[in-house]
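To start, the structure under review is shown below, and the notes come after it.
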Amino acid sequence: MPASITRISDVCLLVENIERTVDFYVEKLGFRLRRRAEGFADFHGQGVTLAAWELDHINRHIGVSKLRSPRHAHKVCVAVQLDRPADIDRMHAELSAKGVPFYGPPEDYVWNARCAYFTDPDDTLWELYAWLDGGPGDYHDEQP
Numbered sequence: 001m002p003a004s005i006t007r008i009s010d011v012c013l014l015v016e017n018i019e020r021t022v023d024f025y026v027e028k029l030g031f032r033l034r035r036r037a038e039g040f041a042d043f044h045g046q047g048v049t050l051a052a053w054e055l056d057h058i059n060r061h062i063g064v065s066k067l068r069s070p071r072h073a074h075k076v077c078v079a080v081q082l083d084r085p086a087d088i089d090r091m092h093a094e095l096s097a098k099g100v101p102f103y104g105p106p107e108d109y110v111w112n113a114r115c116a117y118f119t120d121p122d123d124t125l126w127e128l129y130a131w132l133d134g135g136p137g138d139y140h141d142e143q144p
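For the sequence shown, position 42 matches number 42 in UniProt numbering, and the numbering has no gaps at all.
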């Protein structure tokens with residue numbers, strides 16, 4: 001198969017403090033650390049690797065901007081599909097008990113999914129979702 005830009009292997013979050021990020025993802029969300037280096041960490045995932053790269057470190061090595069976004073200015077949403085709507089409620093309860101900051105309780109949305117939203121220490125937005133009966137329906141028509 002030829003190389004393709006659509007073969008995403010990793011999602012890398014640019015973070016302010018790698019130690020704080022590793023603690024959050026391991027202690028609160030239950031990720032297993034896969035690799036750790038100065039200013040960088042990645043975690044075991046299912047199909048896609050989640051990585052975190054400290055802004056100051058990537059700036060020193062590559063030259064990309066280390067400009068920080070203002071607090072609560074979301075730039076990315078990482079979505080996790082769970083099997084059943086009840087799983088959203090269970091995961092919300094488990095993570096809330098660990099101090100994960102949610103925007104509110106799980107809700108059913110017009111796109112026919114039960115969802116809950118939280119943020120990590122760098123305000124990366126996370127979505128937990130499960131399709132309601134009937135799945136995504138025509139709200140999410142697939143494109144050829």
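C-beta: ideal position from N, C-alpha, C; glycine also.
As the structure is a computational prediction, the values presented were derived from the model and not from experiment.
- In the same chain as G45, and ignoring 5 residues on each side of it, no C-beta atom comes closer than 6 Å to its own.
- In the DSSP assignment, T49 falls within the beta strand (DSSP E) that extends over T49 to E54.
- Buried is the label assigned to C115, since at least 16 other Cβ atoms lie within 10 Å of its Cβ.
- As computed with DSSP, Y109 is found in a beta bridge with A113.
- Counting along the chain, no alpha helix (DSSP H) covers R34; the unbroken beta strand (DSSP E) around it starts and ends at L33 to A37.
- Judged by DSSP in its simplified three-state form, D83 adopts coil rather than helix or strand.
- Counting other Cβ atoms within 10 Å of its Cβ, Y109 stays below 16 and is therefore classed as exposed.
- Rounded to the nearest whole angstrom, the C-alpha separation of W126 and Y103 is 10 Å.
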